[in-house]
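Residue numbers (my numbering): 428 to 551. Reviewing the structure listed below.
Structural data, given as structure tokens:
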């Protein structure tokens, strides 16, 4: 099992990573962030993406899709990918990992795979 600091460092080791945050989607607060901040304000991104996660959770409830948990949410920008992965572990409920990637340097499939692995080892 990995602690928060180790997990954030592992996420930053993913090819093309710009920044990563672990976010509480009930409050919108980042529990931890890592990245140089020159390309992206992770605190603002954490708070803003909280609204997106909440909206998707509400939509799934309205559609009665509770048995189909969200693996991840992908936002494709012209120069970046933003991956949001709600945690499914018991200690991670109500949290999500947010990872921003440089689109020209990232392998999206590999990034999703590695973020899933990081989620599985993260101990809150």
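Where a beta carbon is used, it is the ideal one built from N, C-alpha and C, also for glycine. Keep in mind the model is a prediction, meaning the values are calculated, not measured.
What do you reckon, are the CB atoms on residue i and residue j nearer than 8 Å?
| i | j | result |
| --- | --- | --- |
| residue 528 | residue 443 | yes |
| residue 461 | residue 447 | yes |
| residue 534 | residue 511 | no |
| residue 450 | residue 525 | yes |
| residue 549 | residue 429 | yes |
| residue 518 | residue 551 | yes |
With distances taken Cα to Cα, identify the nearest neighbour of residue i among the options.
| i | options | result |
| --- | --- | --- |
| residue 504 | 531, 521 and 482 | 531 |
| residue 453 | 521, 546, 542 and 537 | 521 |
| residue 482 | 455, 435, 494 and 464 | 455 |
| residue 514 | 484, 489 and 536 | 484 |
Can you name, in chain order, every residue of its own chain whose Cβ lies under 6 Å from the Cβ of residue i, other than the five neighbours on each side?
| i | result |
| --- | --- |
| residue 432 | none |
| residue 545 | 434, 437 and 438 |
| residue 506 | 530 |
For the ligand ZN, is there a heavy atom less than 7 Å away from the beta-carbon of residue i?
| i | result |
| --- | --- |
| residue 466 | Ligands are entirely absent from the displayed structure, and the ligand ZN is therefore not among its contents. |
Return the CA-CA distance between residue i and residue j, expressed in angstroms with no decimal places.
| i | j | result |
| --- | --- | --- |
| residue 537 | residue 494 | 26 Å |
| residue 487 | residue 499 | 13 Å |
| residue 459 | residue 440 | 16 Å |
| residue 466 | residue 491 | 38 Å |
| residue 489 | residue 541 | 31 Å |
| residue 463 | residue 469 | 9 Å |
What residues in its chain sit with their C-beta under 8 Å from that of residue i, if we drop five residues either side in the sequence?
| i | result |
| --- | --- |
| residue 547 | 516 |
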